[in-house]
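Trainee: Can you read through this structure? Questions will come right after.
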Amino acid sequence: MTAIPTATLPRARRLSATPGQIALALAIAAFLLLFLGLPVGTVLYVAFTEKGTSNFTLVNFYDFVRTELFMRSLWNSFYVSAMSVVWASVFALPLAYLTTRFVFRGAMLVQTLGFLPLIMPPFVGAVAMQLFFGRNGSINLLLDDWFGFKIGFMEGLNGVIFVQSVHYFPFILINLSAALRNIDRAMEEAAQNLGSSGFRLFRRIVFPLALPGYLAGASLVFVKVFDDLATPLLLNVKDMLAPQAYLRVTSIGIADPMGYVISVVLIVASVVAMWLSALALKGRDYATTQRGGGGLARRTMTRGEAILGYGVVILILALVLAPHLGLLLLSFATIWSFSPLPDAFTTAHYARVFGESSIYIKNTLIYASIAGGIDIVLGVAIAYLVLRTKLIGREWLDWAASAALAIPGVVLGIGYLRTFYGITLPDGTPLASLWITIVLALAIRRLPYALRACYAALQQISVSLEEAAENLGATKARTVRRIVVPLMAGGILAGFVTSFSTAAVELSATLMLVQSNSDAPLAYGLYVFMQSAAGRGPGAALGVVAVLLVALCTFLSHLIIERSQKAKGMGH
Amino acid sequence: MAMNKLVLAMGFALTSTMVFAQAPTGKVTVVTSFSKDVTDPFKKAFEKAAPGVTLEVQNRNTNAGVKYLEETKANNQVDLFWASAPDAFEVLKGKQLLSAYKPKATGIPEKIGSYPINDPAGFYVGFAASGYGIMWNDRYAKAKKLPEPKDWQDLAGPAFYDHVSIASPARSGTTHLTIETILQGEGWDKGWRTIKEMAGNFNTITDRSFGVPEAVNSGQVGVGIVIDFFAFSAQASGFPVKFVYPTVTTVVPANVGIVVNGPNKAAAEAFVEFLLSPAGQEVLLEPGIRRLPVNPAVYAKAGADYPNPFTDPRFQKMIGFDVDKSEARTAVVDTLFDQLISFQLDALKGVTKTLHEVDAALAKKPNPQAKAMADEARALIAAMPVSEVQAASPELRGAFTGGKEKGARQAEVEAQWASFARDSYTKAKAKADEALKAAK
């Protein structure tokens, strides 16, 4: 897919879109239809059919509304998602603000570490988290020993909120940081000249200008938590919507449409949430013309501020990285059972995974980078079409892509098998058995992340910069290439990193599509280990490898952002 | 002993030559839910016994595996399906995705305990057996001063409140069989009563079988209702866990079936034969696997403390397990469990807790009136929305099969059962509160 077709046709200023833009929109629509709409449609149409016949009906939705369990689940999902956004903001705001606004030693490290919670390898991450925060995890065992009480970190809905906000707050962190970096420092200086400072300055100037980034992250957290099934299931919370859908879709021998009905409800709710967050920004202009001044003026902290600042950052990082510390301990542990720390340590688990992990690592890197690449290309293109053209129905591209967030991985996996397995290559191998199918599934599943980041980045760019370029004779395509994309770089990279790293640990669709061990990514290798008592240590070791791998890539991309900002800053 | 070894050696030689005689070659693909610890030793041993064949293992959980075979049947690339849960094989058989095969291996009896080892119709064969039982974490039990459980009924006692974990029968074929065993052994109404009394002590109901041993291994939950090899392999890895077979247990075969239209039929058959050969059966004894061979002769190679379902009387107790009866109501039993227990667990636990308190108070100071009220509460909990006859009725089955005919929808039935359970538990809670007041 080429993102930006080089349309050199004469442009009619009054026309809503150039032919090139129309072609681009159609190409994206075709891609989404083929790899998202069609596969998912073949699975979900059951939700609209009558039992016993295949007539169209809405009676299944009537059943949904009438069932107390589903309505309770719906309400619980809303509650948990909203509260997770609140807590995720509490974790993300200080980290984002301190590292972008102050001269903060180790800002890059904080950004990288603050990003890690997003990469929680499946299964093993859950075990590590239980060992730390569970009802008989390290913390509760110590609390019980010393003070005689326990805290139900991981009990019930509050447990889900806790784990989800720790897990997904990086969405807010990364998007908000990108937005803060893009704020024109002149705005801040103007406010200061007019006498604003401190919290008022933040509340009235800085935060509102960064709102697109914050909302991009917050809406992602909301929708992701709403649609996530792994965490509730790990905590054995079943009365939420996504686990209900999953349990029904994957139960053997039950041909009940309710699982698919719930999936449809999930998709609708996610699209509505995205639409609402777009509505919140409507009619306001977040763009600033001056670019690349290195973002907000970085201030040095006073001694007191520094102690407070570092204290807060370290506290938050300690909390959100505890699961990873648990994972690390687990990977070196011999036996860890009902005790604050493992009985003894060993490196044997790493030795066991060493031989086979290289193929997994290679596959993961290839799959996740191609998927991330596809995502940012599509993300930039969709954001551009939605924000800069007046094409009819352009928002639908955005909503369709965002709907991918709500589709359970297993539904997408089944859809891919159903749609592409029948198509064979000349030598008889099914299309769905090629590894590129896994990549496409990953790209579709992670597209919303990149899309939100790109969208927010473009919202902050003033259209007058593009108009200036066009007035100077640049074509639309050239403007995009030379002006828009470079200015969006931070957001694009943020999108890539999010898509890449979450794709690297995706399992549910992958598990359906992996055809052989030689094509398998890390997450699959992890799954294979984590089904037995003896595999716990090696599984944790693989998990650590996955986390380190993604962390390294994230760190590198932060380095690039930082470098490019410095370079721009010097050009001034 | 020497004689046994000789027989084994001959058996091994026989199977090897037979495998050579057919001389299958190439790649044979198996979809399995077994972990790497199980598949790796088998892959190694099989490839040694049948040179020229490579075993390609595709790990998928049982549900995903079934769906996978279903979706890819038009262009099937898989030779074998290899998993524990017999019900998954039943589903595959029902969808005509398995081909019948009669193994040539000898020395394997018809039944293990009272469960037939092979599918009577010949579409899948059992290669290992496992019994259900109770596993607990020793450190946890010592810290919480839990008594050693011996039987299912023990788990209903007040000492185990909030300490027990189980996998949902709707998600775990083996748990389903345990529930069904209790129902068949004690009768529909009494059986559900036992199950619900036990369930009142549940801490969690997990959605995958391995979730239970995982929680017990790490000490998050004290006691788990699990299949034996989960406990044995955990012990072999050094976890401080113990295991006991209760007086009534199920022995369930783990199975392998040949997929219809597989690309490499000869090699698929060779693999089935290998699993049943003494060499293949012996792999089961490895510490990381620890499943019960279906060939009684192989137990000679196992240690003295290795459970032997062919000689151990505990496994013979469950007589007359009716497979057809079980099959006729699978979906109904699973859904009842979920609607009455899984999704109403908080309410059920609430009443159970109060009832435990009533019992404690009554033990100190007997009070017939309070006892009567507590019994009433227990009766309310035990009440079932459907009778045994209804459970197997075609109308109810039709609601779950998504069948061709019109009728009650699953969602409707579920909503009825859920509200029945909610009402009963609310009433029971009120009664139990009254009883507690009277008893104090």
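Here the protein sequences line up with chains D and A, keeping their order.
Be aware that the first sequence starts at -11, since it is given in the working numbering, and climbs by one per residue.
Be aware that the second sequence starts at 9, since it is given in the working numbering, and climbs by one per residue.
Here a beta-carbon is modelled for each residue, glycine too, at the ideal position from N, C-alpha and C.
Is it right to say A/Asn69 is buried, meaning 16 or more other beta carbons lie within 10 angstroms of its own, or is it exposed?
Mentor: Its Cβ being crowded by 16 or more others within 10 Å, A/Asn69 is buried.
Trainee: Between A/Asn209 and A/Gln352, what straight-line distance do the alpha-carbon atoms span, to the nearest angstrom?
Mentor: Cα to Cα, A/Asn209 sits roughly 13 Å from A/Gln352.
Trainee: Quick one: what does DSSP say D/Val561 is sitting in, helix, strand or coil?
Mentor: In the structure displayed, chain D extends from -11 to 560; residue 561 of chain D sits before or after that span and is not available.
Trainee: Do the stretch 331 to 340 of chain D and the stretch 117 to 134 of chain D meet, that is, are 3 or more Cβ pairs less than 8 Å apart?
Mentor: Result no; under three Cβ-Cβ pairs closer than 8 Å.
Trainee: Mind checking the stretch 407 to 420 of chain D against chain A and listing, in chain order, the residues whose C-beta falls within less than 7 Å of any C-beta there?
Mentor: Residues passing the 7 Å Cβ filter: Tyr409, Gly410, Thr412, Pro418.
Trainee: Listed in chain order, which residues of the stretch 240 to 255 of chain A have Cβ atoms closer than 9 Å to some Cβ of chain D?
Mentor: Those residues of the stretch 240 to 255 of chain A that come within reach of chain D (Cβ to Cβ, closer than 9 Å) are Ser241, Ala242, Gln243, Ala244, Ser245, Gly246, Phe247, Pro248, Val249.
Trainee: Is it buried or exposed for D/Asp227, if we count other Cβ within 10 angstroms and need 16 for buried?
Mentor: It counts as buried.
Trainee: DSSP on A/Tyr314, reduced to helix/strand/coil?
Mentor: Coil, per DSSP.
Trainee: Just by C-beta distance, which residues in the stretch 482 to 505 of chain D are closer than 8 Å to chain A?
Mentor: Residues passing the 8 Å Cβ filter: Leu499, Met500, Val502, Gln503, Ser504, Asn505.
Trainee: Can you give the Cα-Cα distance for D/Arg(-1) and D/Val368, rounded to whole angstroms?
Mentor: In this prediction, D/Arg(-1) scores a pLDDT of 41, lower than 50, which makes its location untrustworthy; the coordinate-derived value is nonetheless stated afterwards. Answer to the nearest angstrom: the Cα atoms are 22 Å apart.
Trainee: Checking contacts by CB at 8 Å: is D/Leu235 closer than that to chain A?
Mentor: It does; some Cβ of chain A falls within 8 Å.
Trainee: Chain D beta carbons: is any one of them nearer than 8 Å to that of A/Ile213?
Mentor: At least one chain D Cβ lies under 8 Å of A/Ile213.
Trainee: Answer with yes or no whether the minimum CB distance from A/Ala82 to chain D is below 8 Å.
Mentor: Judged by the 8 Å Cβ criterion, A/Ala82 is in contact with chain D.
Trainee: May I ask you to list, following chain order, the residues of the stretch 513 to 538 of chain D that have a beta carbon less than 7 Å from some beta carbon of chain A?
Mentor: Cβ contacts with chain A come from Tyr515, Val516, Phe517, Gln519, Ser520, Ala521, Ala522, Gly523.
Trainee: In chain order, what residues of the same chain lie with their CB nearer than 6 Å to the CB of D/Ser487, ignoring the 5 residues before and after it?
Mentor: Taken in chain order, the residues that qualify are Gly360, Asp363, Arg434, Tyr437, Ala438.
Trainee: What does a CB cutoff of less than 7 Å around D/His546 pick up in its chain, not counting 5 residues either side in sequence?
Mentor: Cβ neighbours of D/His546 beyond the five flanking positions: Met96, Gln99, Thr100.
Trainee: Over what stretch of residues does the alpha helix (DSSP H) that includes D/Val91 continue unbroken?
Mentor: No alpha helix (DSSP H) holds D/Val91; DSSP gives it neither H nor E.
Trainee: If I'm right that D/Ile255 touches D/Leu229 with Cβ under 8 Å, what's the distance once you round it to whole angstroms?
Mentor: The Cβ separation is near 11 Å, so there is no contact.
Trainee: Output yes or no for whether 8 Å exceeds the beta carbon distance between A/Ala82 and A/Val260.
Mentor: Contact flag unset, no.
Trainee: For the beta strand (DSSP E) that contains D/Tyr404, what are its first and last residues?
Mentor: D/Tyr404 -> not in any beta strand (DSSP E); alpha helix (DSSP H) instead, spanning 397 to 408.
Trainee: Output the distance between the C-alpha atoms of A/Ser41 and D/Ile347, rounded to the nearest integer angstrom.
Mentor: One C-alpha to the other measures close to 22 Å.
Trainee: Going by the C-beta, is A/Ala378 closer than 7 Å to any heavy atom of the ligand SAH?
Mentor: This structure simply doesn't include the ligand SAH, nor any ligand for that matter.
Trainee: Taking all protein chains shown into account, do 16 or more other C-beta atoms lie within 10 angstroms of the C-beta of A/Asp342, making it buried, or fewer, making it exposed?
Mentor: Buried.
Trainee: When you compare the CB positions of D/Leu536 and D/Gly297, do they come within less than 8 Å of one another, or not?
Mentor: Cβ atoms of D/Leu536 and D/Gly297: not closer than 8 Å.
Trainee: Starting from A/Leu100, trace the alpha helix (DSSP H) in both directions and tell me its first and last residue.
Mentor: It spans 94 to 102 - the alpha helix (DSSP H) in which A/Leu100 sits, taken as one unbroken run.
Trainee: By alpha-carbon positions, which one of A/Trp160, A/Glu222, A/Leu293 ends up nearest to A/Pro49?
Mentor: For A/Pro49, the nearest C-alpha among the options comes from A/Leu293.
Trainee: In its own chain, which residues sit with a C-beta less than 7 Å from the C-beta of A/Asp298, not counting the 5 before and 5 after it?
Mentor: The amino acid occupying residue 298 of chain A in the given sequence is Arg; Asp does not appear at that position. Within the same chain, A/Arg298 has close Cβ partners Phe237, Phe240, Ser241, Ala244.
Trainee: Could you list which residues in chain A have their beta carbon closer than 8 Å to that of D/Ser184, in chain order?
Mentor: Correct list: empty, because the minimum Cβ distance to chain A is about 51 Å.
Trainee: Where does the unbroken beta strand (DSSP E) through A/Gly139 begin, and where does it stop?
Mentor: From DSSP, the beta strand (DSSP E) with A/Gly139 extends over 133 to 145.
Trainee: My guess is that D/Tyr409 and D/Pro418 are in contact by the Cβ rule of under 8 Å, so how many angstroms apart are they, rounded?
Mentor: Yes, they are in contact, since the Cβ atoms of D/Tyr409 and D/Pro418 sit about 5 Å apart, within 8 Å.
Trainee: Please report the straight-line C-alpha distance between A/Leu100 and A/Pro157, rounded to a whole angstrom.
Mentor: Each residue's Cα considered, the two are about 37 Å apart.
Trainee: Judging by CA-CA distance, which residue of A/Lys448, A/Phe345, A/Ala57 is the nearest neighbour of A/Ala368?
Mentor: Comparing Cα-Cα distances from A/Ala368 to each of A/Lys448, A/Phe345, A/Ala57, the minimum goes to A/Lys448.
Trainee: What's the call for D/Met476, buried or exposed, on a 16-neighbour Cβ count within 10 Å?
Mentor: With 16 or more other Cβ atoms within 10 Å, it is buried.
Trainee: Indicate whether the contact test is met: 3 or more Cβ pairs, each with one atom in the stretch 223 to 232 of chain A and one in the stretch 79 to 97 of chain A, closer than 8 Å.
Mentor: With the cut-off at 8 Å, the stretch 223 to 232 of chain A and the stretch 79 to 97 of chain A do not touch.
Trainee: Select from the stretch 318 to 333 of chain D all residues with a C-beta closer than 8 Å to any C-beta belonging to chain A, and list them in chain order.
Mentor: The stretch 318 to 333 of chain D vs chain A, Cβ under 8 Å: Thr322, Ile323, Trp324, Ser325, Phe326, Ser327.
Trainee: When you compare the CB of A/Ala29 with every CB in chain D, is at least one pair closer than 8 Å?
Mentor: Reliability fails at A/Ala29, whose pLDDT of 49 lies under 50, so the model's placement of it is uncertain and the value that follows must be treated cautiously. By this cut-off, A/Ala29 is not an interface position.
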